[in-house]
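Participant:
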Amino acid sequence: MSQVPPVRLPAQAPTWRGGSGVGSGVRPYDGGMSTLVWFRDDLRLADHPALRAALERGEPVVCLYVLDEESPGVRPLGGAARWWLHHSLASLGQRLRERGSELILRRGPAGDVVPEVAAGAGASAVLWNRRYGGPERDVDAAVKDSLRQGGVEAHSYAGSLLFEPWTVTTKQGGHYKVFTPFWRACLEEPPPRAPLPEPREVPGPASYPETDDLADWGLTPAAPDWAGGLREAWEPGEPAARRRLREFLENDVDAYDRARDEPAGGSTSLLAPRLRWGELSPHAVWQEAVASGRSVGGFLSEIGWREFAWHTLFHFPALDEDNLNARFDAFPWPELDPDHLRFWQQGRTGVPLVDAGMRELWETGTMHNRVRMVVASYLVKNLMIDWRHGERWFWDTLVDADAASNPFNWQWVAGSGADAAPYFRIFNPETQAKKFDPGREYVGRWAPEYVTGGELLPEPLVDLRASRQAALDAYDVVKAAADPGRG
32 MSQVPPVRLP
42 AQAPTWRGGS
52 GVGSGVRPYD
62 GGMSTLVWFR
72 DDLRLADHPA
82 LRAALERGEP
92 VVCLYVLDEE
102 SPGVRPLGGA
112 ARWWLHHSLA
122 SLGQRLRERG
132 SELILRRGPA
142 GDVVPEVAAG
152 AGASAVLWNR
162 RYGGPERDVD
172 AAVKDSLRQG
182 GVEAHSYAGS
192 LLFEPWTVTT
202 KQGGHYKVFT
212 PFWRACLEEP
222 PPRAPLPEPR
232 EVPGPASYPE
242 TDDLADWGLT
252 PAAPDWAGGL
262 REAWEPGEPA
272 ARRRLREFLE
282 NDVDAYDRAR
292 DEPAGGSTSL
302 LAPRLRWGEL
312 SPHAVWQEAV
322 ASGRSVGGFL
332 SEIGWREFAW
342 HTLFHFPALD
352 EDNLNARFDA
362 FPWPELDPDH
372 LRFWQQGRTG
382 VPLVDAGMRE
392 LWETGTMHNR
402 VRMVVASYLV
412 KNLMIDWRHG
422 ERWFWDTLVD
432 ADAASNPFNW
442 QWVAGSGADA
452 APYFRIFNPE
462 TQAKKFDPGR
472 EYVGRWAPEY
482 VTGGELLPEP
492 LVDLRASRQA
502 ALDAYDVVKA
512 AADPGRG
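According to the numbering used here, the sequence shown is numbered sequentially starting from 32.
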């Protein structure tokens, strides 16, 4: 990578076009009123509580997705996420057509779009699965109020988490700030419900509201087309997600606890983007994992970590901007060195494991979890660059970046998040490489010059030992600010 990764630009990519059910080969349901299902981060048909409730009402069902990047506080998607969304919507639209319906696409503020489509569809009710970020909850509440004031029923359902964030509380009635007691409390709750079956039919109305063309949204890149590695690595959509879950439980989960920290191994689940976009529900993952008869405790605890991230975001909506632990507002960040940030983004730091991870991220839209921790620690604690810069880069480049896990994990590594002892967690990338990539297979794949020596290697940006000590000294400033009488 000899230059800065190209800026991600919109494209006109060929895809399916939503529209009237007439001529689609499916006879639409011809009735009066309809029920509108508003899809969001739940791009699936199986275990979709809002869709199931709509079907049980007995009215024709209109399915809607709104690309909302205009409502106050709603964070626009990063480039890799937009690529995934495009293909996941295409898959969902095809699956709905096969069952007698269409996916209506609209772009704009959901507070305007959803009531407008509901009126055009003659909807008696609008149903959706809940979201948990602060701006999204505000949007949903406003939509619900608007619909109900207009005489339209509006209901939300629990479809994206195993445990609703407000239901898991400490003995004092507060929210949890440490993972282990949080997950222990979750496991003491009644077990997660069984997933709902996939509908065989989704009867649509005699005519559909107008729809956008997915290609016109420009979610995929063209000039330049940087998504070749994503296309090679991933197949978005619910069918592929379900196949991957089965493959993981059949072939990889037995080695998960032993080998999940080895970046060159194949024991990782690769389910993060599937859960992020709701192509799989956590209830389905939970049930199939438990039913597999394998040792799945370690894997399910990772599902618990995802739950903990959303639990935290629900109670702290500014997670991507503000330190969860306010003491870290006193952290003495030096002036940003833009060259250091750029070299880190490009995988040109002179540290083999860090550079391999950053190149894997750019190429595939993902990075092994152990390496994510290493590259994040290097940025924050060796380069002394504010964690927010790293979080924003991951937001743009990860296919699984979401509003909870991405900032939550960055704050965890930085030491400003949900962790009691950040001072002892400065990952030495050389030690990590020796322990988890001893054969240099991972580095050899993504940064081969460090193995072959065939190219002029970049000089390390900083000395690891000296920069580690500088980070510890900076944390002492935080401790002193929290305890003025210290020392």
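Cβ coordinates follow ideal geometry from the N, Cα and C atoms, glycine included.
Going by C-alpha to C-alpha distance, which of Arg-401, Val-411, Leu-503 and Leu-158 sits closest to Tyr-473?
Facilitator: Counted from its first residue, the sequence shown places residue 473 at position 442. Closest by alpha carbon: Arg-401.
Participant: Where does the unbroken beta strand (DSSP E) through Ser-65 begin, and where does it stop?
Facilitator: Along the sequence shown, one-based indexing puts residue 65 at 34. Segment 65 to 70, the beta strand (DSSP E) holding Ser-65.
Participant: So what's Leu-503 in DSSP terms, helix, strand or just coil?
Facilitator: Indexing the sequence shown from 1 puts residue 503 at position 472. Reduced to three states, the DSSP call for Leu-503 is helix.
Participant: Which runs of the beta strand (DSSP E), 3 residues or longer, sit entirely within the segment 233 to 319?
Facilitator: none
Participant: Which of the three DSSP states, helix, strand or coil, is assigned to Ile-457?
Facilitator: Walking along the sequence shown from the start, residue 457 turns up at place 426. In the structure shown, Ile-457 sits in coil (DSSP, three-state: anything other than H, G, I, E or B).
Participant: How would you write the range of the beta strand (DSSP E) that Ala-154 sits in, first residue to last?
Facilitator: If you number the sequence shown from 1, residue 154 lands on position 123. For Ala-154, the enclosing beta strand (DSSP E) starts and ends at 154 to 160.
Participant: According to DSSP, is Ala-449 part of a helix, a strand, or is it coil?
Facilitator: Within the sequence shown, residue 449 is the residue found at index 418, counting from 1. The answer is coil: DSSP assigns Ala-449 none of H, G, I, E or B.
Participant: Suppose the cutoff is 8 Å on Cβ atoms and the five residues either side in sequence are ignored; what does the same chain contact list for Leu-178 look like?
Facilitator: Here residue 178 refers to the residue found at position 147 of the sequence shown. Around Leu-178: Val-145, Pro-146, Ala-149, Val-157, Glu-184 and Ala-185.
Participant: Kindly indicate which residue of Val-327, Pro-223, Phe-210 and Trp-257 has the alpha-carbon position closest to the one of Thr-395.
Facilitator: In the sequence shown, counting from the first residue as 1, residue 395 sits at position 364. Closest by alpha carbon: Trp-257.
Participant: In angstroms, rounded to a whole number, what distance separates the CA positions of Cys-94 and Trp-69?
Facilitator: In the sequence shown, counting from the first residue as 1, residue 94 sits at position 63. In the sequence shown, counting from the first residue as 1, residue 69 sits at position 38. Linking Cys-94 to Trp-69 through their CA atoms gives a straight-line distance of about 6 Å.
Participant: How big is the Cα-Cα spacing for Pro-348 and Pro-223?
Facilitator: The residue labelled residue 348 in the question sits at position 317 within the sequence shown. The residue labelled residue 223 in the question sits at position 192 within the sequence shown. Each residue's Cα considered, the two are about 25 Å apart.
Participant: Decide yes or no for the touch test of the segment 192 to 200 against the segment 229 to 239: beta carbon pairs closer than 8 Å, at least 3 of them.
Facilitator: no
Participant: Reducing DSSP to helix, strand and coil, say where Ser-187 ends up.
Facilitator: Within the sequence shown, residue 187 is the residue found at index 156, counting from 1. Of the three classes helix, strand and coil, the one that applies to Ser-187 here is strand, per DSSP.
Participant: Decide if the segment 129 to 145 is in contact with the segment 82 to 97; the criterion is three or more beta carbon pairs, one per stretch, under 8 Å apart.
Facilitator: yes
Participant: Please classify Leu-384 as buried or exposed, where buried requires at least 16 neighbouring CB atoms within 10 angstroms.
Facilitator: For the purposes of this step, residue 384 is taken as residue 353 along the sequence shown, with counting starting at 1. Leu-384 comes out buried.
Participant: With three or more beta-carbon pairs closer than 8 Å as the criterion, would you say the segment 419 to 431 touches the segment 338 to 348?
Facilitator: no
Participant: Looking at chain C, is there any beta carbon in it that lies within less than 8 Å of the beta carbon of Leu-488?
Facilitator: In the displayed structure, chain C is absent; only one protein chain is listed.
Participant: If you reduce the DSSP assignment to three classes, tell me which class Ile-416 lands in.
Facilitator: Within the sequence shown, numbered from 1, the residue matching residue 416 stands at position 385. Coil at Ile-416, not helix or strand.
Participant: Locate the beta strand (DSSP E) running through Val-92, then write down its first and last residues.
Facilitator: As a position in the sequence shown, residue 92 is number 61, starting the count at 1. From DSSP, the beta strand (DSSP E) with Val-92 extends over 92 to 98.
Participant: Contact between the segment 113 to 125 and the segment 263 to 276 is defined here as three or more beta-carbon pairs at a separation below 8 Å; is this criterion met?
Facilitator: yes
Participant: According to the neighbour-count rule (16 or more other Cβ atoms, all chains shown, within 10 Å of its Cβ), is Lys-202 buried or exposed?
Facilitator: In the sequence shown, counting from the first residue as 1, residue 202 sits at position 171. The residue is exposed, with fewer than 16 neighbouring Cβ atoms inside 10 Å.
Participant: As a quick exercise: from Leu-136, Trp-341, Gly-378 and Leu-367, pick the residue whose alpha carbon is nearest that of Pro-489.
Facilitator: Counting from 1 along the sequence shown, the entry for residue 489 is found at position 458. Here the closest residue by C-alpha is Gly-378.
Participant: Going by DSSP, which residues form a beta bridge with Ile-135?
Facilitator: Counting from one through the sequence shown, the residue named residue 135 turns up at place 104. Leu-95, per the DSSP bridge assignment.
Participant: Would Ala-303 pass as a contact of Gly-296 if the rule is Cβ separation under 8 Å?
Facilitator: Locating residue 303 in the sequence shown gives position 272, where the first residue counts as 1. Locating residue 296 in the sequence shown gives position 265, where the first residue counts as 1. Not closer than 8 Å, so no.
Participant: Does the beta-carbon of Ala-225 have 16 or more other beta-carbons within 10 angstroms, so that it is buried, or is it exposed?
Facilitator: On the sequence shown, residue 225 is found 194 positions in, with the first residue counted as 1. Around the beta carbon of Ala-225, fewer than 16 other beta carbons sit within 10 angstroms, so the residue counts as exposed.
Participant: Buried or exposed: which applies to Thr-380, given that a residue is buried once 16 or more other Cβ atoms fall within 10 Å of its Cβ?
Facilitator: One-based indexing of the sequence shown puts residue 380 at position 349. By the neighbour-count rule (16 or more Cβ atoms within 10 Å), Thr-380 is buried.
Participant: Just confirm the distance between the C-beta atoms of Leu-280 and Ala-315, as a whole number of angstroms; I'd bet it's less than 8 Å.
Facilitator: Reading the sequence shown from its first residue, position 249 is the one you call residue 280. Reading the sequence shown from its first residue, position 284 is the one you call residue 315. Actually they do not touch by this definition, with Cβ atoms about 11 Å apart.
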